[in-house]
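Novice: I'd like to ask some things about the structure below.
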Amino acid sequence: MIWTMHSGFHVYRNSLTEPVEERLPSMTEGGRSALSASGRWIALVDHWLASVDVSVFDAQTGERVYGFSDNGGHHVSCVEFSPDEQMLFQARANRGYIHNLAGSAETVRIEMTRAGVGLHIGGAAWSPDSGSIAIVAGSRIVVYDTAGTELRSWDFPNENNAQRRGLSIAWSPDGQWLACGCANPQEVVLFDAETGDVLKRLSDFPEIGNGIYSVAWSPGGERLASWSNDTRRVIVWEPATGEILFDRHGVANGVGFADDGTLVASVLDGRVIRVDLTRGEILDETPTTA
């Protein structure tokens, strides 16, 4: 199944083989969302006048099972389930929250600051073992454990006085690499997840632009997809060599991989496409409700 979000404040469940949809009973602005690893839970963001709510629904029944509110009204920049589905992370401005979905443990709050100034959180990624979470804010990456204790941190290299800004982050399936999508300049930077050393830079974008708002690893870690907001462009890379394996413009919002390694993306005319990257062929195009 693929979940898609449309104007009109509705969320739909789409079959990859048939254009039959079921609507989730939710009111959401169609912004941030996350699906848990097994497809059991879906998290949605509701933006109201006085508060911003994150709701977790049973993806099969549509029942709302958890809810988290913020009367401060800060917009949610990211929501991420841990791989073991026991925790949910959400970010609002410079604050991150780790919610325990399995028990009665209190919510852990994390604040991203530098010299007393808050750093807006661009993205977060759980480690494959669910034991830690990497957060990118401004030009800084910090790795925390699930209790909110900082484990390690580092800054982006700023050659030529360029002030890089991290917008998205993804942990490789083997836990060894962190991929970060950036602005100023637009590129994907690959870091050693333990040392913070820069392993590789991937760039085939104009230097000036809105930035790389989505990065995703294939299940085996042999491919990395990036999505740039201003050009609506998806590139699939071979991380080890920097080779471009697939390149397409006109992708609406983000990119991901199916369990079988095929690329999944929504395009601007409302279709969801799957791409066989071994052959570079579009397997199917699923229409969604407008």
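The opening position of the sequence shown corresponds to residue 34 in my numbering, with each subsequent residue numbered one higher. Yeah, the Cβ is synthetic: ideal placement off N, Cα and C, and Gly gets one too. Just so we're clear, the structure is a prediction, and the values are computed from it rather than from any experiment.
Tell me which same chain residues have a C-beta within less than 8 Å of the C-beta of Ser-172, skipping the five on either side of it?
Specialist: Same-chain partners within the cutoff: Asp-188, Phe-189, Asn-191, Gln-196, Arg-197, Arg-198 and Gly-199.
Novice: Let's test the definition: count the other Cβ atoms within 10 Å of the Cβ of Gln-219 and tell me whether it reaches 16, buried, or not, exposed.
Specialist: Burial call: buried.
Novice: Per the DSSP calculation, Arg-256 is bridged to which residue(s)?
Specialist: Beta-bridge pairing links Arg-256 to no other residue.
Novice: Among residues of its own chain, excluding the 5 on either side of Thr-311, which ones have a beta-carbon nearer than 7 Å to its beta-carbon?
Specialist: Counting only Cβ-Cβ distances below 7 Å, and skipping sequence neighbours, we find nothing.
Novice: Just to confirm the assignment, what range does the beta strand (DSSP E) spanning Gln-123 have?
Specialist: Element bounds for Gln-123: 120-125.
Novice: Can you list, in chain order, the residues of its chain with a C-beta nearer than 6 Å to that of Ser-110? Leave out the 5 residues immediately preceding and following it.
Specialist: These residues qualify, in order along the chain: Ala-124 and Ile-154.
Novice: Given a threshold of 16 other Cβ atoms within 10 Å of its Cβ, counted over all protein chains shown, does Ser-71 qualify as buried or as exposed?
Specialist: By the 10 Å Cβ count, Ser-71 comes out exposed.
Novice: Straight-line CA distance for Ser-69 to Thr-274?
Specialist: Roughly 31 Å separates the two Cα atoms.
Novice: Output the boundary residues of the beta strand (DSSP E) element that contains Phe-189.
Specialist: Where Phe-189 is concerned, there is no enclosing beta strand (DSSP E), given that its DSSP letter is neither H nor E.
Novice: Given a threshold of 16 other Cβ atoms within 10 Å of its Cβ, counted over all protein chains shown, does Gly-214 qualify as buried or as exposed?
Specialist: Its Cβ being crowded by 16 or more others within 10 Å, Gly-214 is buried.
Novice: Where does Ala-329 fall in DSSP's three states?
Specialist: Any answer about residue 329 is impossible in this case: the structure gives the chain only from 34 up to 323.
Novice: What residue range is occupied by the uninterrupted beta strand (DSSP E) comprising Thr-198?
Specialist: Just to set this straight, residue 198 is Arg in the shown sequence, not Thr. From DSSP, the beta strand (DSSP E) with Arg-198 extends over 198-204.
Novice: Less than 7 Å between the beta carbons of Ser-186 and Asp-117, yes or no?
Specialist: Result no, Cβ atoms of Ser-186 and Asp-117 do not sit closer than 7 Å.
Novice: Taking only the alpha-carbon atoms, compute the straight-line gap between Ser-59 and Asp-292 and give it to the nearest angstrom.
Specialist: Bear in mind that the predicted position of Ser-59 carries a pLDDT of just 42, short of 50, making it unreliable; the figure below should be weighed with that in mind. One C-alpha to the other measures close to 27 Å.
Novice: Determine the DSSP secondary structure at Leu-134, reduced to helix, strand or coil.
Specialist: It is coil, neither helix nor strand.
Novice: Taking the DSSP output, what are the residues bridged to Val-334?
Specialist: Lying before the first or after the last residue shown, residue 334 is absent from the chain, which here runs from 34 to 323.
Novice: Quick check on Pro-58: does DSSP put it in helix, strand or coil?
Specialist: In this prediction, Pro-58 scores a pLDDT of 42, lower than 50, which makes its location untrustworthy; the coordinate-derived value is nonetheless stated afterwards. Reduced to three states, the DSSP call for Pro-58 is coil.
Novice: Does Ser-201 pass the burial test, meaning 16 or more other C-beta atoms within 10 Å, or should it be called exposed?
Specialist: Burial call: buried.
Novice: State the Cα-Cα distance for the pair Leu-211 and Pro-252, rounded to the nearest angstrom.
Specialist: Between Leu-211 and Pro-252, the C-alpha separation is close to 14 Å.
Novice: Roughly how far, in whole angstroms, is the beta-carbon of Gly-129 from the beta-carbon of Ile-143, given that I think they are within contact range, below 8 Å?
Specialist: With a Cβ gap of about 4 Å, Gly-129 and Ile-143 count as contacting.
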